[in-house]
Amino acid sequence: MALVYPRKLDLARTPTPLQYLERASAKWGGGHRLWVKRDDLTGCGLSGNKVRKLEFIAAHAIDTGCDTLITCGGVQSNHCRATALVGAQLGLKVHLLLRGEAPPQPDGNLLLDYLAGADVDFYPPRQFFRELDQLFAHWQQHYAGQGRRALAVPTGGSDGLGVWGYIAACEELQDDFRRAGIGEAHVVSATGSGGTQTGLTLGAALHDLPATVWGINVCDDERYFLDKVASDAADWRRRYPGVPALRVEPRVIDGYVGQGYAIADAGVFRLIRELCALEGLLLDPVYTGKAFAGMLAEIARGRFRGCRDIVFVHTGGLFGLFPQRGELTG
Ligand SMILES: Cc1ncc(COP(=O)(O)O)c(C=O)c1O
0 MALVYPRKLD LARTPTPLQY LERASAKWGG GHRLWVKRDD LTGCGLSGNK VRKLEFIAAH
60 AIDTGCDTLI TCGGVQSNHC RATALVGAQL GLKVHLLLRG EAPPQPDGNL LLDYLAGADV
120 DFYPPRQFFR ELDQLFAHWQ QHYAGQGRRA LAVPTGGSDG LGVWGYIAAC EELQDDFRRA
180 GIGEAHVVSA TGSGGTQTGL TLGAALHDLP ATVWGINVCD DERYFLDKVA SDAADWRRRY
240 PGVPALRVEP RVIDGYVGQG YAIADAGVFR LIRELCALEG LLLDPVYTGK AFAGMLAEIA
300 RGRFRGCRDI VFVHTGGLFG LFPQRGELTG
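Every letter in the sequence shown is one number past the one before it in numbering that gives the first Met the number 0, and letter 308, counting from 1, is 307.
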């Protein structure tokens with residue numbers, strides 16, 4: 000059955016390159032070829048994985064008469080920054096509900112949120128987690144009272160709508176594999192709100208991509224992401240009843256969260272420095288640095304044995320380097 004995509008806007012610079020890491024493969028590959036799908040190159044301000052989801056989310060917002068996007072995340076959320084920039088690009092108002100305190104000086108993603116003209120509110124983490132649904136409802140009502148219509152976009156843009164972004168990206172990976180002579184691969188990415196992993200997992204099955212998809216969680220745990228992927232996939236099927244019935248088999252590699260979300264250890268910062276000097280490739284400490292470190296540790300443990308190629312999906316996040324500059328210098 001042909002897959003019918005919902006409408007999307009053209010916001011991401013795609014297809015992104017698939018890049019072979021020659022020196023990193025020699026140093027850490029343990030006999031595997033290491034590749035990077037450069038989704039950090041989906042744009043400049045709009046770099047990273049979120050813009051692939053937002054292509055579908057923003058189209059849906061416009062098609063349903065919305066003039067405002069409300070979304071949420073941490074103070075350094077890449078998703079919020081991407082949403083703020085997409086809103087500015089499309090003439091939509093953006094309101095961000097951020098978890099944490101306003102820093103004395105905005106930096107990294109938050110600085111860009113302000114530059115893009117987003118409205119920003121900060122909530123203490125306890126209130127944020129307890130009342131998130133009410134906060135969304137409150138602000139939606141607030142905008143309705145002004146005669147506006149606001150779409151509530153969930154954390155990370157991860158739901159049955161946002162997952163289309165990485166379902167579509169699997170078509171790109173098919174071409175990448177063909178051109179690079181990859182017969183079969185492990186595809187690895189950071190997972191934080193589950194949408195990228197869900198999209199890749201569904202997309203690989205839908206497009207017969209010879210790939211085993213893994214998410215390396217940067218927060219929560221394996222159980223959380225097994226459930227999250229299942230629930231995003233179920234939401235996708237509910238919203239689009241014509242899509243093929245698939246059995247979703249998410250795979251999570253747990254064990255690399257360290258002390259918690261956005262807290263990286265010295266090994267991750269060392270890897271960021273080493274990989275940048277070795278290959279000119281930048282990782283961030285919150286998502287891609289942790290996931291890349293996890294991937295290398297799993298290579299060393301033999302998890303991917305028997306398959307020559309490993310593709311790391313670089314999901315961006317580079318603005319997150321700047322607020323953690325203290326760990327990277329000196
Ligand atoms: C840079 C980066 N990489 C990976 C992820 C994880 O993607 P997802 O939220 O779709 O799990 C995120 C967002 O959470 C991100 O900002």
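Built from N, CA and C at the ideal position, the CB exists for glycine as well.
Where residue i sits in the DSSP three-state scheme
{"i": "serine 338", "result": "Within the shown structure, residues of the chain are numbered from 0 to 329, placing residue 338 beyond reach of any answer."}
{"i": "threonine 314", "result": "coil"}
{"i": "isoleucine 309", "result": "strand"}
{"i": "glutamine 196", "result": "helix"}
{"i": "valine 152", "result": "coil"}
{"i": "tyrosine 4", "result": "coil"}
{"i": "glutamine 173", "result": "helix"}
{"i": "glutamine 18", "result": "strand"}
{"i": "aspartate 234", "result": "helix"}
Alpha carbon of residue i to alpha carbon of residue j, nearest angstrom
{"i": "leucine 95", "j": "glutamine 18", "result": "34 Å"}
{"i": "phenylalanine 127", "j": "arginine 98", "result": "6 Å"}
{"i": "asparagine 77", "j": "glycine 161", "result": "15 Å"}
{"i": "leucine 150", "j": "proline 16", "result": "32 Å"}
{"i": "threonine 63", "j": "glycine 316", "result": "30 Å"}
{"i": "leucine 208", "j": "glycine 202", "result": "8 Å"}
{"i": "leucine 45", "j": "glutamate 100", "result": "24 Å"}
{"i": "tyrosine 113", "j": "tyrosine 255", "result": "32 Å"}
{"i": "alanine 333", "j": "glutamine 323", "result": "The structure shown does not extend to residue 333, since the chain spans only 0 to 329, so no value can be given for it."}
{"i": "leucine 320", "j": "glycine 107", "result": "7 Å"}
{"i": "alanine 58", "j": "arginine 300", "result": "43 Å"}
{"i": "isoleucine 215", "j": "cysteine 43", "result": "25 Å"}
{"i": "glycine 29", "j": "aspartate 132", "result": "46 Å"}
Test item: CB-CB of residue i and residue j under 8 Å
{"i": "tryptophan 34", "j": "leucine 295", "result": "no"}
{"i": "aspartate 231", "j": "glycine 194", "result": "yes"}
{"i": "phenylalanine 291", "j": "glutamate 297", "result": "no"}
{"i": "valine 212", "j": "valine 251", "result": "no"}
{"i": "alanine 81", "j": "glycine 116", "result": "no"}
{"i": "leucine 91", "j": "leucine 109", "result": "no"}
Per DSSP, the bridge partner or partners of residue i
{"i": "tryptophan 330", "result": "Residue 330 lies beyond the stretch modelled for the chain, which goes from 0 to 329, so this question has no answer here."}
{"i": "tyrosine 239", "result": "DSSP output for tyrosine 239 lists no bridge partner at all."}
{"i": "glycine 259", "result": "Ile262"}
{"i": "isoleucine 252", "result": "Ile215"}
Within-8 Å CB hit, residue i to chain C
{"i": "glutamate 278", "result": "Given the protein chain composition of this structure (a single chain), no chain C is represented."}
message: Which complete alpha helix (DSSP H) runs does the region 80-136 hold, if anything under 4 residues is left out?
response: The alpha helix (DSSP H) runs of length 4 or more contained entirely in the region 80-136 are, from start to end of the chain, 107-114.
Return the chain-ordered ranges of every alpha helix (DSSP H) run that is complete within the region 276-306 and spans a minimum of 4 residues.
Listed in chain order, they are 287-300.
Going along the chain, which unbroken runs of the alpha helix (DSSP H) with 4 or more residues stay wholly within the region 26-75? Runs found: 49-62.
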